[in-house]
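I have placed the structure first, in the form of structure tokens, so that the comments after it can refer back to it.
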Amino acid sequence: MDKMPAWADAVLVPLISVLLAAVISALVILAIGENPITAFQLMVDGALMKSSGWGYTLYYATNFTFTGLAVAVAFQAKMFNIGGEGQALIGGLGVALACLYVPWPHWSIALIGATASSAIFGAAWAFIPGYLQAKRGSHVVITTIMFNFIASAVLNYVLVNVLKPKGAMEPASATFPETTFLPTFQDMFSTSETVLFRGSPANVSFFVAILACVLVWLLIWRTRLGYEIRAFGNSETAAKYAGISPVKITVITMLISGGLAGMMALNTTMGEAERLVLNAAEGAGFLGIAVALMGRSHPVGVFLAALLFGFLYQGGAELAFWTSIPRELVTVIQALVILFTGALDNMIRMPLEKIFLSFRKGDA
């Protein structure tokens, strides 16, 4: 054994990272005169101890699962797709066009059509950065950042000049037809005696996100294309020597990544707002980077990390509502988690590796 076991890399390193972030966050809360234990209890109570809290936690987790998978697929090819936000916005446009202009007879059929439309729109938006990287060497980080701003401007124009109903003031599309409304968790799991998930926006697209995790796992670890993506990510030179086309892999990976980011709009646009609004991505495109980093670019890890960030989002909202702790401090807590799981990853990994190596020498 010349490095730590896989289970330690997958579980122990992220766990220690989160604990360190929690300790630093507690010190920050203490510094502004609040009790960190009370604050943590409020977060747990608000996010996990009632069904409506779970509904919001799972709603946010659905967003982060889609965008985390999008970034994770790009990571497999050693590309940094930072454009999930723009791809999700354009994916929302795809959802809106599918829901507004196609007479779907039932929500289940509409969900299939909107899923395809959002994936196509998101993939199309990621195509140009992928093509420029493959053909011209333009770094995908720079182009995708620029495309985030362009997507925001395009959506603004389309909403104000094309999709906004006559006489309306708000830059938003008309409400979708009722046959496209997705069932919420309250619709699915409540009974006449027991109402669960009351008022929370979690909906059936959560299960689409889980299905996406399974499909991404099959794609990356059980198909030839997935093998080529991973081989390209591990060594571009070796991949070329093996006959793998860098242009093809770069473009296809970005298409898959953009399609996954675009599908995030199912949750926010079709499932929650039931119309297209400005800023429908809600920042989930950027948080997908942290989710993918923490999840080690594996679908299971991405899903678990998405749940954690869903908890932080919902718990943070409760914290800001019930205490004098500002909402910005919750953002600081999220940033600390990102810092420890991403930028300071080696600070935790290297000492752990030394500990495991010392155990090995002791056994020899």
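So the sequence shown is numbered by my numbering: it starts at 646 and just counts up by one.
Just so you know, even glycine gets a beta-carbon here, dropped at the ideal spot from N, CA and C.
Residue 848 is a Cβ neighbour of residue 916, given a cutoff of 7 angstroms. In the three-state DSSP reduction, residue 747 falls in the coil class, being neither helix nor strand. Residue 1003 has its alpha-carbon roughly 35 angstroms from the corresponding atom of residue 714. Per the Cβ contact rule, the segment 986-995 is in contact with the segment 929-941 (3 or more Cβ pairs under 8 angstroms).
DSSP places residue 922 within a strand segment (E or B) once states are collapsed to three. Per DSSP, the continuous alpha helix (DSSP H) segment holding residue 833 begins and ends at 830-834. Taking all protein chains in view, the Cβ of residue 877 is crowded by 16 or more other Cβ atoms within 10 Å, so the residue is classified as buried. In the DSSP assignment, residue 893 falls within the unbroken alpha helix (DSSP H) covering 891-908.
If the five residues before and after residue 821 are omitted, its C-beta is found closer than 8 angstroms to the C-beta atoms of 741, 744, 745, 915, 919, 920, all from its own chain and listed in chain order. Taking all protein chains in view, the Cβ of residue 861 is crowded by 16 or more other Cβ atoms within 10 Å, so the residue is classified as buried. DSSP places residue 672 in the uninterrupted alpha helix (DSSP H) bounded by 658-676. Counting the other CB atoms within 10 Å of its CB gives residue 966 a total below 16, which places it among the exposed residues. Collapsing the DSSP output to three states places residue 980 in a helix.
Annotated three-state conformation of residue 848 is strand, per DSSP.
In this structure, the CA atom of residue 774 is about 42 angstroms from the CA atom of residue 684. Counting C-beta atoms within 10 angstroms of its own C-beta, residue 650 has fewer than 16 neighbours from the protein chains shown and is therefore classed as exposed.
The beta-bridge partner set that DSSP reports for residue 817 consists of 922. Around the C-beta of residue 757, fewer than 16 other C-beta atoms lie within 10 Å, and the residue is accordingly described as exposed. The segment 722-729 makes contact with the segment 785-797, as at least three CB pairs between them are under 8 angstroms.
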